[in-house]
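Take 4 as the starting number for the sequence shown in my numbering and just add one per residue.
Ideal Cβ placement from N, Cα and C applies to all residues, glycine included.
Just so it is clear, the structure is predicted and the values come from calculations on it, not from any experiment.
A short worksheet on the structure shown next.
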Amino acid sequence: MPPLKDAELGAFTFFASALPHDVCGSNGLPLTPNSIKILGRFQILKTIVHPRLCQYVDISRGKHERLVVVAEHYPKSFEDLLREGTPVSSSKIFRLAYEVLQGLEYMNRHRMVHRALAPHNILLDGEGHAKLAKFGLYHITDHGADVDFPIGYPSYLAPEVIAQGIVKPTDPTQCERPLPSGPKSDVWSLGLILFELCMVCTVACRCVDDIITVLSEEHGCEDILKVCATNVNANSLYNLSFSLLFFFSLLLFIFLILLRPTSAELLADSVFSEVSPLYLPFRKPVGLFSSALRCANLILPEDISLLCKDEDSDFLAERSIEEVYHLWCLAGGDLEKELISKGIIRSKPPICTLPNLLLEDGESFGQGRDRSSLLDDTTVTLSLCQLRNRLKDVPGEAYYPLLGEDQSNIPHSGSSNELSTSATLPLIIRERDTEYQLNRIVLFDRLLNAYPYKKNMIWKEARVDIPPLLRGLTWAALLVLKGYGAIQEKYDMIDKDTPIPTDRQIEVDIPRCHQYDELLSSPEGHAKFRRVLKAWVVSHPNLVYWQGLDSLCAPFLYLNFNNEALAYACMSAFIPKYLYNFFLKDNSHVIQEYLKVFSQMIAFHDPELSNHLNEIGFIPDVKNILICLADVFPLHKIFHLWDTLLLGNASFPFCIGVAILQQLRVRLLANGFNECILLFSDLPEIDIERCVRESVNLFCWTPKSATYRQHAQVPKQISESNGVSRTSASFSVDFQESPKTDLVSPVWTSSL
Numbered sequence: 004m005p006p007l008k009d010a011e012l013g014a015f016t017f018f019a020s021a022l023p024h025d026v027c028g029s030n031g032l033p034l035t036p037n038s039i040k041i042l043g044r045f046q047i048l049k050t051i052v053h054p055r056l057c058q059y060v061d062i063s064r065g066k067h068e069r070l071v072v073v074a075e076h077y078p079k080s081f082e083d084l085l086r087e088g089t090p091v092s093s094s095k096i097f098r099l100a101y102e103v104l105q106g107l108e109y110m111n112r113h114r115m116v117h118r119a120l121a122p123h124n125i126l127l128d129g130e131g132h133a134k135l136a137k138f139g140l141y142h143i144t145d146h147g148a149d150v151d152f153p154i155g156y157p158s159y160l161a162p163e164v165i166a167q168g169i170v171k172p173t174d175p176t177q178c179e180r181p182l183p184s185g186p187k188s189d190v191w192s193l194g195l196i197l198f199e200l201c202m203v204c205t206v207a208c209r210c211v212d213d214i215i216t217v218l219s220e221e222h223g224c225e226d227i228l229k230v231c232a233t234n235v236n237a238n239s240l241y242n243l244s245f246s247l248l249f250f251f252s253l254l255l256f257i258f259l260i261l262l263r264p265t266s267a268e269l270l271a272d273s274v275f276s277e278v279s280p281l282y283l284p285f286r287k288p289v290g291l292f293s294s295a296l297r298c299a300n301l302i303l304p305e306d307i308s309l310l311c312k313d314e315d316s317d318f319l320a321e322r323s324i325e326e327v328y329h330l331w332c333l334a335g336g337d338l339e340k341e342l343i344s345k346g347i348i349r350s351k352p353p354i355c356t357l358p359n360l361l362l363e364d365g366e367s368f369g370q371g372r373d374r375s376s377l378l379d380d381t382t383v384t385l386s387l388c389q390l391r392n393r394l395k396d397v398p399g400e401a402y403y404p405l406l407g408e409d410q411s412n413i414p415h416s417g418s419s420n421e422l423s424t425s426a427t428l429p430l431i432i433r434e435r436d437t438e439y440q441l442n443r444i445v446l447f448d449r450l451l452n453a454y455p456y457k458k459n460m461i462w463k464e465a466r467v468d469i470p471p472l473l474r475g476l477t478w479a480a481l482l483v484l485k486g487y488g489a490i491q492e493k494y495d496m497i498d499k500d501t502p503i504p505t506d507r508q509i510e511v512d513i514p515r516c517h518q519y520d521e522l523l524s525s526p527e528g529h530a531k532f533r534r535v536l537k538a539w540v541v542s543h544p545n546l547v548y549w550q551g552l553d554s555l556c557a558p559f560l561y562l563n564f565n566n567e568a569l570a571y572a573c574m575s576a577f578i579p580k581y582l583y584n585f586f587l588k589d590n591s592h593v594i595q596e597y598l599k600v601f602s603q604m605i606a607f608h609d610p611e612l613s614n615h616l617n618e619i620g621f622i623p624d625v626k627n628i629l630i631c632l633a634d635v636f637p638l639h640k641i642f643h644l645w646d647t648l649l650l651g652n653a654s655f656p657f658c659i660g661v662a663i664l665q666q667l668r669v670r671l672l673a674n675g676f677n678e679c680i681l682l683f684s685d686l687p688e689i690d691i692e693r694c695v696r697e698s699v700n701l702f703c704w705t706p707k708s709a710t711y712r713q714h715a716q717v718p719k720q721i722s723e724s725n726g727v728s729r730t731s732a733s734f735s736v737d738f739q740e741s742p743k744t745d746l747v748s749p750v751w752t753s754s755l
């Protein structure tokens, strides 16, 4: 995401349509709430980055189908230009029009339509450039089908949209949807807004009735300028230049919609011949695992002193909007409280919501219309004062850490010592510490940008902890993906559409996999689940789909929800490393060997518990520890467990299993077979941090021979000629050849 710069964080809220509670879908399951659907569709908006579009940051789901959206915001808009009361010059009109059209054209390329264009939704940044706000509302609400209010403002809606009217689905179980608006409707809205800037008056509010009248006629006027001429000062209209009048005539057709140009056609029109050379073509930022060269477009300024920062520089503004919002939440930011303080969310006594009359069939009368279900278009600015106060003592050097391998000779500040102390605190506390997370995020961001050159330092820092904000990319770096530069291309080449026999089982498993999570339970999440799982099955013809594969996929999909290719690549690298040959059609020999080695591990580390389990005949009969844990544990526990798992080799899951048994040791020793079965069918609360700590200890204490498996993956030969520097104490590709102590974090050394 782009840096914060002079932008602010803004939040607005609305309600999704409520569904009846006694209606089920065609699959027999309860209907997915509309707020969940909206939340799933919203995620793609976070990936749309363009200088003419306000960046979407997050969406939060509250009670009673309330949704709160956080996005980039600026206090000034086109509405302020109208309030100034002075006509906007022709040159500025063309410049602003070109910038808005750039944003619309980029939206159209992503198959999106704004539909809510209005003067207050076209913001102006600190340099006076236009940026479109709330451009994704029409998309995330499924063209308005999932909310009880219309998307758009009647004064600025295109005539064809007004003529269509509002279409609402009558049956929630059917796929009845309104006909979506096309991109040319935004061109009309833009033309009307720019016309108002020239006339310095709200023309649309005055002539909307005339437009409706024209629409009702069989042969109406084709030019809105003729309709609006009676509602504005004629002299102002005649004072417009010919180029402006011609430009407005292009944008404002009523009946000849086919002749109304698209945003892309307008950008290429000769009317912008003087404006277009002022703007460089937009290049989408290159991702970490992209095939494109990440440093191709890096340009240093001619005056290198421009890179030097003053002492009063706002370092926080140089961080990405996503990072700033994440830190704002850690510093005590609460979206609902912010909206309550501004009067956007108002509480209503429950007694005031009761109807005056309620019939036996459930029909009620006498209730006032609940206006809270309608759209409140107010955007509340989130104050960053509390966050800045928390970070005021953080030195500027913390935002630009050095990445040298040996930093023993570098002097450290007092804050560095405080961070060293914070690193010894429990993981839950560290993840909620604002200053600590800032330093970890900045460090990992720089390390990941230097990947694969700095992959050894990524391994080293990951042994301390991984910041949640960058967990997905860090996991991908730790898994050492094959051909990481062509991940998207490889994923796109896989046929994910042709029906295969496994489709039915996948359809059955997905609605049961971590459906407590709002993101994974959304229809968008199900679709992504289906594509990633199917891609893995199709691309591994020698393997088959076994139940549990969906649970292994869930953490990777959650962390890379907007990058299916990376989720697939991580999953494809994870399975051969830790579950080699577990998904063979005949995997009985692999499972039997796995269970024998696991029993041997229990006997090696806890003979008393091993003897007791043998006496009562309780043999851990799970196909694989990782599949079991991925299916039983909630996602937040899996994340903490996997953070350490990815630093170990294929034997580390045995250590996790033994560590969990040791937490349940007292109860297992005191019970018989039936009680132990019940205990594992309803697994009690497991202390994950303790489990991780004890797993590392067991990993370091266990000889290699105790975990040797004939059917494990053959250790890979490490090439020293790959151009990546490594130290003698760094991790190997698969950990089979590295010392056991390499897994140990410096934080844990004292406890060993």
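Boundaries around His-76 are those of the beta strand (DSSP E), 69-76, since no alpha helix (DSSP H) includes it. Ser-613 and Leu-672 have their alpha carbons spaced roughly 10 Å apart. For the 8 Å CB-CB criterion, Pro-656 and Ile-628 form a contact. Note on geometry: alpha-carbon atoms of Ile-578 and Leu-560 lie some 14 Å from one another.
Within the same chain, Lys-640, His-643 and Leu-644 come within 7 Å of Ile-691 by CB-CB distance, once the 5 residues on both sides are set aside.
Here the stretch 660-679 lies against the stretch 602-612, with 3 or more beta-carbon pairs under 8 Å apart. The DSSP-derived three-state label of Lys-287 is coil.
Classified as exposed, Ala-530 has fewer than 16 neighbouring CB atoms from the shown chains inside 10 Å of its CB. Looking from the CA of Pro-398, the closest CA among Asn-442, Leu-428 and Asp-380 belongs to Asn-442. The C-alpha of Val-600 lies about 37 Å from the C-alpha of Tyr-456.
By the CB criterion at 8 Å, Phe-702 and Gly-651 fall inside the cutoff. As computed with DSSP, Glu-11 is found in a beta bridge with His-76. If you check the CB distance, Leu-48 and Trp-331 do not come in under 8 Å.
Bridge pairing for Ser-684: absent [DSSP].
In the DSSP assignment, Ser-63 falls within the beta strand (DSSP E) that extends over 59-64. Checking the DSSP bridge columns, you'll see Pro-33 partnered with Cys-27. DSSP places Ala-148 in the coil class of the three-state scheme, outside both helix and strand. Residue pairing by DSSP places Ile-663 opposite no residue, since no beta bridge is assigned to it.
Counting C-beta pairs closer than 8 Å gives fewer than three between the stretch 59-71 and the stretch 547-557, which falls short of the contact rule.
Phe-45 places its beta carbon less than 8 Å from that of Ile-143. Secondary structure note for Thr-382: it is in no beta strand (DSSP E), with a DSSP letter that is neither H nor E.
In this structure the stretch 97-108 lies against the stretch 272-286, because at least three pairs of beta carbons, one per stretch, are closer than 8 Å. Taking C-alpha positions only, Ala-21 is separated from Glu-527 by approximately 19 Å. Here Thr-16 is buried, its C-beta having at least 16 other C-beta atoms within 10 Å.
According to the DSSP secondary-structure assignment, Ser-542 is paired through a beta bridge with no residue.
DSSP places Ser-323 in the strand class (E or B) of the three-state scheme. By the Cβ test, the stretch 466-486 is not in contact with the stretch 509-524, since fewer than three Cβ pairs between them sit closer than 8 Å.
With contacts defined as CB atoms closer than 8 Å, Ala-572 and Ile-490 qualify as a contacting pair. Taken atom to atom, the span from the alpha-carbon of Ala-715 to that of Tyr-583 is near 6 Å. In its chain, beyond the 5 residues on either side, Val-540 and Tyr-548 have a beta carbon closer than 6 Å to the beta carbon of Thr-505. Cβ-Cβ separation between Tyr-77 and Ala-161: approximately 26 Å, too far for a contact (criterion under 8 Å). About 21 Å separates the beta carbon of Glu-326 from that of Val-383, a gap too long to meet the 8 Å contact definition.
The continuous alpha helix (DSSP H) containing Leu-629 extends over residues 628-635. Gly-335 is the residue among Ile-354, Gly-335, Asp-379 and Glu-339 whose C-alpha sits nearest the C-alpha of Leu-394. Going by DSSP, Ile-125 is part of the beta strand (DSSP E) stretching over 125-127. For Tyr-439 and Arg-433, the gap between their C-alpha atoms comes out near 7 Å.
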